[in-house]
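Visitor: The listed protein sequences derive, respectively, from chains A and B. Numbering follows our numbering, with no gaps: position 109 of the first sequence is 99. Numbering follows our numbering, with no gaps: position 87 of the second sequence is 77. Yeah, the Cβ is synthetic: ideal placement off N, Cα and C, and Gly gets one too. These numbers come from a predicted model, not from an experiment.
Protein chains: 2
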Amino acid sequence: MPYSYEYPHPAVTTDIAVFSLHQQQLQLLLIRRGQPPYKGKWALPGGFLEIDEDLESGAKRELKEETGASDLYIEQLFTFGRPDRDPRERIISVTYFALAPAEKLSISAGSDATEAAWFPADELPELAFDHAEIILLAKERLAAKTLYSTIAFQLMPETFTLSELQSVYEILRSETLDKRNFRKWILSLNLLEETGEMRRNGNHRPAKIYRALFPDRVDMIR
Amino acid sequence: MPYSYEYPHPAVTTDIAVFSLHQQQLQLLLIRRGQPPYKGKWALPGGFLEIDEDLESGAKRELKEETGASDLYIEQLFTFGRPDRDPRERIISVTYFALAPAEKLSISAGSDATEAAWFPADELPELAFDHAEIILLAKERLAAKTLYSTIAFQLMPETFTLSELQSVYEILRSETLDKRNFRKWILSLNLLEETGEMRRNGNHRPAKIYRALFPDRVDMIR
DNA sequence: GCCTATAGTGTACACTTGACACTTAGTAAG
DNA sequence: CTTACTAAGTGTCAAGTGTACACTATAGGC
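#1: Given residue 61 of chain B, which residues of its chain have a CB within under 8 Å of its CB, disregarding the five upstream and five downstream residues?
#2: Taking 8 Å as the limit between beta carbons, can you name the residues of its chain near residue 196 of chain A, skipping five residues before and five after?
#3: Got a sec? Which residues, its chain only, sit under 7 Å from residue 119 of chain A by beta carbon, not counting five neighbours each side?
#4: Spell out whether any CB of chain B is found under 8 Å from the CB atom of residue 90 of chain A.
#5: Could you tell me whether the Cβ of residue 63 of chain B comes closer than 8 Å to any Cβ of chain A?
#6: Using the Cα positions of residue 111 of chain A and residue 149 of chain A, report the straight-line distance between them to the nearest angstrom.
#7: Cutting at 6 Å between CB atoms, please list the residues of its own chain near residue 83 of chain B, excluding the five before and the five after it.
#8: So for residue 33 of chain A, helix, strand or coil by DSSP?
#9: Decide if the region 40 to 51 of chain A is in contact with the region 7 to 26 of chain B; the criterion is three or more beta carbon pairs, one per stretch, under 8 Å apart.
#10: Starting from the Cα of residue 132 of chain B, find the closest Cα among B/114, B/108, B/89, B/113 and give me that residue.
#11: Run through the region 3 to 59 of chain A for me and flag every whole alpha helix (DSSP H) of 4 or more residues, listed as ranges in chain order.
#12: Count the other C-beta atoms from every protein chain shown that fall within 10 angstroms of the C-beta of residue 192 of chain B, then say buried if there are 16 or more, exposed otherwise.
#13: Does the distance from the CB of residue 125 of chain A to the CB of residue 7 of chain A come in under 8 Å?
#14: Please give the ranges of any beta strand (DSSP E) in the region 104 to 189 of chain A, keeping only runs that are unbroken, at least 3 residues long and fully inside the region.
#15: Could you give the residue range of the beta strand (DSSP E) that holds residue 92 of chain B?
#16: At a CB-CB cut-off below 9 Å, which residues of chain B make contact with residue 87 of chain A?
#17: Taking 7 Å as the limit between beta carbons, can you name the residues of its chain near residue 212 of chain B, skipping five residues before and five after?
#18: Would you please state the rounded distance, in angstroms, between the beta carbons of residue 200 of chain B and residue 182 of chain B? I believe it to be under 8 Å.
#19: Under the rule that 16 or more other beta-carbon atoms within 10 Å means buried, what is residue 113 of chain B, buried or exposed?
#20: Mind pulling the chain B residues with CB within less than 7 Å of residue 42 of chain A?
#21: What does a CB cutoff of less than 7 Å around residue 101 of chain A pick up in its chain, not counting 5 residues either side in sequence?
#22: What does residue 178 of chain A touch in chain B if you count any residue whose Cβ is under 8 Å from its own?
#23: Following the continuous beta strand (DSSP E) through residue 67 of chain A, name the residue where it begins and the one where it ends.
#24: Buried or exposed: where does residue -8 of chain A fall if 16 or more other Cβ atoms within 10 Å of its Cβ makes it buried?
#25: Along chain A, which residues have their Cβ under 7 Å away from the Cβ of residue 3 of chain B?
#26: Is residue 143 of chain A closer than 8 Å to residue 156 of chain A when the C-beta atoms are compared?
#27: Applying a beta-carbon distance threshold of less than 8 Å, which residues of chain B neighbour residue 200 of chain A?
#28: Please report whether the beta-carbon of residue 121 of chain B lies at a distance below 8 Å from any beta-carbon of chain A.
#29: If I follow the unbroken beta strand (DSSP E) through residue -5 of chain B, where does it start and stop?
#30: Helix, strand or coil: which one does DSSP assign to residue 84 of chain A?
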């Protein structure tokens, strides 16, 4: 026990809620815990912050170690710190919210022999710690930001058709949208450009392929 | 040094940005530091989290100890954790954002002989640590929430006139508003009720006094 | 060449937002 | 008591925005 302090210190962890779209459903990435407490239960990827590491770097490192995912859009969500939220010691968890395009779904099991898997966001298994609460907040944040920002672009591959983009909005907002109104609106934002390519995708008229002008940016709109 | 851990632990603090309206200006509450580091500099009220205390409780306790302020609207803002943000040791700061009606402005110097004072939010002195960055974020949050929530009510006393409320919106949004349009809009929200009282306040027609129907609630609007 | 499936396109109506000026009710001064 | 002053209170119209809605275009498969 070489690390000593005059006053008690809590431990600090980061936990990340990663969402993606897969099989026309919003999916959340979870890992199965290999150690107690809550051994065998599913939990958010995350872990202890290193002492000289920035919070966001820690979140990204844990995510990569446990799931292989990297280069995702990530933002801070909330900090959870109920004194009894972990049975081992006092733990403050700085939580993050991340989005992955379907193409980056190639998730590998982590080094500590944990199992990682995607679950439909509305059919989650029993969760460790207060992670159900964290996920609820993350889902609310995603739903809210869908309405007034371009965050949905973070779920898209590099190029896509307008129909594919509309489908993503429909899933996130759980409602069908009018095709003409959606196109009028999304094009009026001037955030897309045509690549000049077409997608031939079955026995019907091919679709123009678009690209986000600023793929790394999330703009506030409306 | 009685508190030992197998791995190094950061310290956790809470810091609070409290805003109020005073002399027709948005004001921020600061304390002058009595101890190094940054001795003599102004800083946000805040301090170390106790080991068995919830984050929000810690923020409220520090605020009360250092400034006497209590019973304010408070929400979590962001968690700051750059490894070098405090020269003493690694410190994670969970920051909060609070609003006080002018009537609760009676601020007393804290127990540890610190000095507390209100500063106009756009004329702040030199600040300790990364507190300038925290305050910038808090001001952005307040400006944004003014547009799509009823957070401005948290700056109002229990009863007020529509002209007083309009004046608060004008200060927060840094623009003048049309009197008829403002009244039409704010009354259409159905969040105010007339008290039946009138305010006689100079040599002119007296104003109806209103009260918020749900003074503790912040609703999303628009 | 005919069938089918998705891509792509314009207009009309309802509603919301924003601009704008005068009357009312009190106080104070002569 | 009359007048002057100040802030409170009130409605309409025009422009812009959002929403509903149906047909044509182009490819593949047979």
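Guide: From the atom records:
#1: 94
#2: 188, 189, 190
#3: 28, 33, 75, 76
#4: no
#5: no
#6: 25 Å
#7: 3, 5, 70
#8: strand
#9: no
#10: B/89
#11: 45 to 57
#12: exposed
#13: yes
#14: 105 to 110, 182 to 189
#15: Note, residue 92 of chain B: premise wrong, no beta strand (DSSP E); not H, not E.
#16: The premise fails here: residue 87 of chain A is roughly 13 Å from chain B at the closest Cβ pair, so nothing lies under 9 Å.
#17: 138
#18: 5 Å
#19: exposed
#20: 73
#21: The predicted model places residue 101 of chain A with a pLDDT of 46, which falls under 50 and marks its position as unreliable; any figure quoted below should be read in that light. Correct list, in chain order: 55.
#22: Chain B residues near residue 178 of chain A: none, gap ~20 Å exceeds 8 Å.
#23: 63 to 70
#24: exposed
#25: Chain A residues near residue 3 of chain B: none, gap ~11 Å exceeds 7 Å.
#26: no
#27: By Cβ distance, chain B contributes nothing, its closest Cβ being about 29 Å from residue 200 of chain A, past 8 Å.
#28: no
#29: -7 to -5
#30: strand
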